[in-house]
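Throughout, the numbering used here is defined as the position within the sequence shown, counted from one, plus 1028.
Just so you know, even glycine gets a beta-carbon here, dropped at the ideal spot from N, CA and C.
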Amino acid sequence: MLARTRCVGQPVLASLLSSCHKETLWQEVLVLLESMWSQRLQVGTSLNRAISSCASAAQWQLALALAERGSVDPVGGRAALAALAAGHQWQRALQLLQLDDSATALGAAVAACARAGRWAVAVALCRQARPAQLNHAVLSAAVSACGQAAQWETALELLREGRARAVDVGSAMSAVIAACRRRQRWIEALALFQDFNTGDSMSLNATLSALERGLQWHRALFLLSTKLEQADIRSFNAVISGCIRGH
1029 MLARTRCVGQ PVLASLLSSC HKETLWQEVL VLLESMWSQR LQVGTSLNRA ISSCASAAQW
1089 QLALALAERG SVDPVGGRAA LAALAAGHQW QRALQLLQLD DSATALGAAV AACARAGRWA
1149 VAVALCRQAR PAQLNHAVLS AAVSACGQAA QWETALELLR EGRARAVDVG SAMSAVIAAC
1209 RRRQRWIEAL ALFQDFNTGD SMSLNATLSA LERGLQWHRA LFLLSTKLEQ ADIRSFNAVI
1269 SGCIRGH
């Protein structure tokens, strides 16, 4: 295929590459990009699409190689970071973070640390973030890392710090409550909900589910009775399931 593309101009190659990217044909995308490079054509956004294609195909090594080979812009850098996060390549993600200090890039780097079990690094990145970098996604990733490592006190501290910095803690709280549920730590889940209740059904359902898994059906029933304004059908299903298991 590479030989057949050598006589094709940049606009056609870029268009073909874009089409292959949309169809998730990452190998064809790489062939077309290599043809553009070999002809010394301007790759422009084609490089971003190639990195994104590799990221979607879980080819983080190729995504990183492309980012290091070409003159990558922030969009391409974020795609490479996403690939590294999926591949648990937290150290390489930190290196790429130097190319892009946006909230999106920071979130990808924190997620990479979380997936690799490097909760302390994830927490440090979150705490060092500038106001423009710190958002609910970054906070959620760091808190989730703490939850997965059973670092409940640190998770609580991050939630308090996030709230003090005017960050929406709703999704982050739900993430750590879900971690409590998986580890059958219903006491911590209930304490989190009582301290950080944001009034949404997601956090209520996560807490009810933790209580249900911990066979605390009476506590789940009482909690639901006091938070009916937050409840949805999943809230009632969790409590009913808990009552059935408890009897």
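For Arg1146, three-class secondary structure by DSSP: coil
C-beta contact flag for Ala1137 and Ala1121 at 8 Å: yes
First through last residue of the alpha helix (DSSP H) which encompasses Asn1233: 1229 to 1241
Residue of Ala1144, Gly1135, Ile1205, Ala1219 minimising C-alpha distance to Ala1160: Gly1135
Asn1003 versus Ser1081 - alpha carbon distance: Coverage of the chain is limited to positions 1029 through 1275, which leaves residue 1003 absent and any answer about it impossible.
Under 8 Å between C-beta atoms of Ala1178 and Leu1187: no
Residues of its chain near Ser1263, where Cβ-Cβ distance is below 7 Å and the 5 sequence neighbours each way are ignored: Ser1229, Leu1232, Asn1233, Leu1236, Leu1252
Test item: CB-CB of Trp1065 and Val1071 under 8 Å: yes
Extent of the continuous alpha helix (DSSP H) to which Gly1175 belongs: 1164 to 1176
Three-state class that DSSP yields for Asn1225 in the structure shown: coil
Helix, strand or coil at Ala1207 [DSSP, three-state]: Helix at Ala1207.
Same chain only: Cβ atoms within 7 Å of Leu1030, ignoring 5 sequence neighbours per side: Since pLDDT at Leu1030 reaches only 45, below the 50 mark, its modelled position is unreliable, and no value is offered.
Classification of Ala1078 by the beta-carbon crowding that lies within 10 angstroms, buried from 16 upward: It is buried - the Cβ of Ala1078 has at least 16 other Cβ atoms within 10 Å.
Leu1124 - containing alpha helix (DSSP H), residue span: Leu1124 -> alpha helix (DSSP H) spans 1118 to 1124.
Chain-order list of residues whose beta-carbon lies under 6 Å from that of Ala1150 (same chain, five-residue window excluded): Val1138, Cys1141, Ala1142, Ala1170, Ala1173
7 Å Cβ shell around Gly1037 - same chain, five flanking residues per side excluded: none
Buried or exposed by the 16-neighbour rule on C-beta atoms within 10 Å, applied to Phe1224: buried
Simplified DSSP assignment, three categories, for Arg1158: coil
Pair within 8 Å by beta-carbon distance, Ala1238 and Ala1217: yes
CA-to-CA distance, Val1040 to Leu1153, given in whole angstroms: 42 Å
Arg1247 versus Thr1254: straight-line alpha-carbon distance, rounded: 11 Å
Beta carbon of Arg1273 nearer than 8 Å to that of Trp1245: yes
Assigned secondary structure, Ala1085 (DSSP; H/G/I helix, E/B strand, else coil): In this structure, Ala1085 counts as coil in the three-state DSSP scheme.
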